[in-house]
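This report concerns only the one structure given below.
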RNA sequence: GGGCGAAUAGCUCAACGGCUAGAGCACUCGCUUUACAUGCGAGGGGUUCGGGGUUCGAAUCCCCGUUUGCCCACCA
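Numbering (the working numbering), first residue to last: 12 to 1163.
Shown next as structure tokens:
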């Protein structure tokens, strides 16, 4: 594996110009400034060389370590990773590294996804842009040649993605990296398909799918997007006829109705049947009657095989037994009654019906095109018998009028063309225009003065599904597809059971609901895709008829033999067939056989089938089929590998909410189906499940994290081009800073916005880009931006490139992104660097002295330091550390990553740097116990921070490790397990006894006093270096051990119990009146106006507090019902507030 | 249409029925202070979207409304 490179030459130059040596990890020479780029690749190499990320299943299997496993959600090889991925992977790395340190055998399994349709579309687009592909893909390339192109693209992007993850510091087990189409995964896919096929859970069916006429493939619902388009409602008149006319039953069944067969129904006749519609009263008696349908897609009328009316429609009765004749086509189709049809507003019976948005434009007559509309298809299922009878036989009412490219075709299931030849060969759009034209031209019936077939059209704006990849309008299309019967209880129900038994849980828990509801309403999963890039379906189809009997016998014998040997499985027909249908029965009943061959390398079977003119299905599997097997395939299934035994089920899955159904659900179903019940022994090296869905869930926890949006609140996406490359951020802020900031943002519910700036490639300047609104209404950075200092210099943006509007060039380079959001992490890394450096400087100085004193002698082993022997500030620090460890543990256990980040941030910055380091400065050189605490504190914090900031902590750990360490009783810091690296060091363990509440109280009292003094100093602009005197009032609490700390931290020269003689300033703490003197030289007057203003505000605030507390306490319900400690607390607060208010008022009065 | 969220300081977000609603950034004032100006000290800034209710007590729970995001379904 290549190590991450891509260092900025610009930064390198700066770095070399720097006089001080940087980039070394020697303890004596930690660089003055922390430059991430100087360390990241070196640290990475140390990790890789030491193999610290490599998980060893034998340690799990022999009980030496518990497993902790995370499977990476394999990124699509379609594009570089963006910040959303960085976020997702940071979380996974935090969990993996923390558990590794906690002693788990941690495996983070890396890999990428071939992303079938997406990748094929991207490559196709690229080839077209490069001029290598013109016209139809299938004419320009052979399957193999095109797959080779995609393969090359995949190799390129897989390397890019892998490089990005490594630069981020992801501690994946890179030796185990997988790809969803590599041989190991392919074997798992093949085996899984075979078993489902054999077990009757895969079937072939004719279904309406979303058809992409450009890519000529079925697309899943999630591969579509809705777009509003301006269309029209067309109102078309269908002439009424009597059903049978002169035609014979055989003629009808053959679909060869003689012209003029249908006998028109006249208005008078219709009226006689009870038709009483005011607006039709004027129609001439002898004219042919009609019904009006409303449609947005008039061209589909060619495939109509019924007209439907609501049974409650008052007109329904008059129409019973009548039909309509499709204009031009001449097809006579029945009028069926179905409750699905919406009554027009005028006929609606209830308010609810009136409120139906469809009622506004409905005519009450619905044209039914079962082959081209999902609802119509369902309606057809309910009226199959009558519709098929009219259409001439079973299944004949499904009339497909489109070729795969969505042109009108008479070659794909439409035979009764009649007078509609003029439409054949037209595109959907042209056909629509021509149909409307024809309806305008022709009349209902042949009488002079008859009304035109076209009634009217009204503009209508509605959303229409488009294919994500090609942007073409999706056509509902009837086609042969393979399905997984996920509705079977061994799949969907088993997935929900995992939730009910708590084997599987979601964090946050509310996502369990959508998971569960999805399974309750699941539909069978269409797994075939008409693509070239993917796992090809391992089914060969052929025909056993039309062969000499002497050929059939050897064939059937072989097939029976191989089926018995589990080398092939023969497709069992639908569930309506009796179970256990024999091969002979199938053979007798069906003209075609579908045979799944278990192994790709079973040459004997495959060549035999191909010689027998069986052909392999050209389709490939839906990408999610192989993704669903990820927990199995990556660990070696179907073989009984040590990895599978050790690491499946895995521990935690980290993903975004959008793929709970697409991916999470399917992994659960497949793992439960394919894995044997826990405790089952493997036989013959292969794992055979009972096929009941009783296996384990593939993971215990599913952590669903927030989504990173751009500055406009839009999701980062490829198509929008608003993704930010993590490498840009690593360049501007460093990997640790990026990781820390992302982790800090990982709150539970709230999606986070990430506004980004641009870095000018000409000047290095950071600036906010100019935004534009694109044609889809999204606010995006303009494709071309000007350098802020020199507007003649231009650059292009990621959006510009992604949208295809511009290309990067030498004159107009691609501008990198950055964001001041990451300053948080960068500043924190710097703070850590400086704090550690300072701590080590202190330790080093002391060690020199100690070594000089003990020259020659071997130091005696020192006993562990007991907290009780330590000073207040040390006991306080140990107490804070113990709490920090506990808080971090809780946060990580509960997947509260921002809490974890915040808790280590406060521990290091607020507690350790702001107070501890400042407090120990005067004493640490002489206090060996204090130095032991200092050493332990920095060590503990490096460990706590390592999961989120691995690079900087690893560099510092090496330096810190060189300082001798004394044990602190109760604080366990075990050394690295497999190397000298922090990455394998033990997670800190702090005994609860280290939490010292007395020390915390005492320290807090001191801190309150110090803060109050600092406030006075700021108020009176007392220079930092000026030492002042504190006068404590009678009855003030004894500062005790805090006395010296207060003097150090507040800049006191003395603490006196007598009142000041000269000028002084008062302040109050806890209602006690303290004074400070010697604030200024005698010549300078103390400015009382600022002091007055401050006190006035204090008085106002306190008055309000007293009021609030008084009101609370005087409420009779409060004393009665609130818990006593709350009441007590309020009383104390009130007392304190009153004391402080009095003190402030007195002081204000004094100032006059 | 069904489901799930969100609305809190100028911005981005915390606060899981009870400390005077917090943090980072931004802002104001002061500071070359011997680890760190990517810093240090201090400060200002809130009718917690609106309206009802439950409760001794509501940012938090319930109801209604407004705005907004996502998922699913549907779209004659």
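Ideal placement from N, C-alpha and C gives every residue a C-beta, glycine not left out. Since the model is a prediction, treat every value here as computed from it, not as a measurement.
- Cβ-Cβ separation between residue 337 and residue 253: approximately 15 Å, too far for a contact (criterion under 8 Å).
- Counting C-beta atoms within 10 angstroms of its own C-beta, residue 534 has fewer than 16 neighbours from the protein chains shown and is therefore classed as exposed.
- Annotated three-state conformation of residue 739 is helix, per DSSP.
- Straight-line spacing of the CA atoms in residue 803 and residue 823 works out to 11 Å.
- Around the C-beta of residue 911, 16 or more other C-beta atoms lie within 10 Å, and the residue is accordingly described as buried.
- In summary, residue 828 is buried, with 16 or more beta-carbon neighbours lying within 10 Å of its beta-carbon over all protein chains present.
- Using a Cβ distance threshold of 7 Å, residue 546 and residue 631 count as a contacting pair.
- The segment 1109 to 1126 and the segment 1138 to 1145 touch, with no fewer than 3 CB-CB distances between them shorter than 8 Å.
- The beta carbon of residue 461 is closer than 6 Å to those of 298, 454, 455 in its chain, skipping five residues each way along the sequence.
- Scanning 962, 147, 283, 317 for the CA closest to the CA of residue 328 turns up 283.
- For residue 547, the secondary structure class from DSSP, reduced to helix, strand or coil, is strand.
- Assignment of residue 306 by DSSP, reduced to helix, strand and coil, places it in the strand class.
- The three-state secondary structure of residue 969, taken from DSSP, is helix.
- In this structure, 506 is the residue among 538, 506, 109 with its C-alpha nearest to the C-alpha of residue 527.
- Residue pairing for residue 492: DSSP places it in a beta bridge opposite 216.
- In the structure shown, residue 456 adopts coil according to DSSP, grouped into three states.
- Fewer than three beta-carbon pairs drawn from the segment 716 to 732 and the segment 671 to 688 are found closer than 8 Å, and the two stretches are therefore not classed as touching.
- Distance between residue 629 and residue 541, taken at the CA atoms: about 7 Å.
- Rounded to the nearest whole angstrom, the CA to CA distance from residue 213 to residue 635 is 15 Å.
- At least 7 Å separates the beta-carbon of residue 120 from that of residue 209.
- By alpha-carbon distance to residue 563, the top candidate from 712, 59, 624 is 624.
- Assigned with DSSP and collapsed to three states, residue 805 falls in strand.
- Beta-bridge partners of residue 240 (DSSP): 473.
- In the three-state DSSP reduction, residue 682 falls in the helix class (H, G or I).
- Within the same chain, Cβ atoms closer than 8 Å to the Cβ of residue 854 are found at 942, 945, 946, 974, the five residues on either side in sequence being excluded.
- Unbroken beta strand (DSSP E) runs of no fewer than 3 residues, entirely contained in the segment 362 to 389, are found at 376 to 379, following chain order.
- Annotated three-state conformation of residue 116 is strand, per DSSP.
- Using a 10 angstroms sphere on the CB of residue 84, the tally of other CB atoms reaches 16 or more, which defines it as buried.
- The C-alpha of residue 984 is placed about 20 Å away from the C-alpha of residue 844.
- Here the alpha carbon of residue 1051 sits roughly 20 Å from the alpha carbon of residue 891.
- Cβ neighbours of residue 977 within its own chain (closer than 6 Å, five residues either side excluded): 873, 876, 943.
- DSSP places residue 1151 in the helix class (H, G or I) of the three-state scheme.
- Secondary-structure assignment with DSSP links residue 716 through a beta bridge to 667.
- Ranked by Cα distance from residue 412, the first of 403, 772, 428, 406 is 428.
- Out of 704, 768, 786, the CA that lies nearest to the CA of residue 779 is found in 768.
- When rounded, the separation of the alpha-carbon atoms in residue 990 and residue 996 is 8 Å.
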